[in-house]
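Single-structure report; data block below.
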């Protein structure tokens, strides 16, 4: 079994991604009782121009 953790979010620094991966995998490993090496983590960064909420782009809300 290879669990996959996926995060869709805003642009992040490399340091932020590393911290998220570490903390997500550490906690998931504890909860699922699986070794950390069993996990795959995917971080997908989304520009606010590419995300809509209702009828408005997020980039228009964050001006």
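Numbering (UniProt numbering), first residue to last: 1 to 63.
Glycine included, each C-beta is placed from N, C-alpha and C at the ideal position.
Self-check item: Local conformation of residue 6 per DSSP, three classes
Solution: As a first step, residue 6 is located in the chain shown; it is residue number 6 there, counting from the start. It is a strand residue.
Exercise. Return the chain-ordered list of same chain residues with a C-beta closer than 8 Å to the C-beta of residue 45, the five sequence neighbours on each side being excluded.
Key: Taking the chain shown and counting its residues from 1, the one referred to as residue 45 is at position 45. Once the five neighbours on either side are set aside, the close Cβ partners of residue 45 are 9, 10, 11, 12.
Self-check item: Exposed unless 16 or more other CB atoms sit within 10 angstroms - verdict on residue 40
Solution: By one-based count along the chain shown, residue 40 stands at place 40. That one is exposed.
Exercise. Take residue 17 and list the residues in its own chain whose beta-carbon comes closer than 6 Å to its own, dropping the five residues that flank it on each side.
Key: Against the chain shown, residue 17 aligns to sequence position 17. Only 43 meet the Cβ criterion.
Quiz item: In terms of residue numbering, what span does the alpha helix (DSSP H) encompassing residue 15 cover?
Solution: Counting from 1 along the chain shown, the entry for residue 15 is found at position 15. Counting along the chain, the alpha helix (DSSP H) containing residue 15 begins and ends at 14-32.
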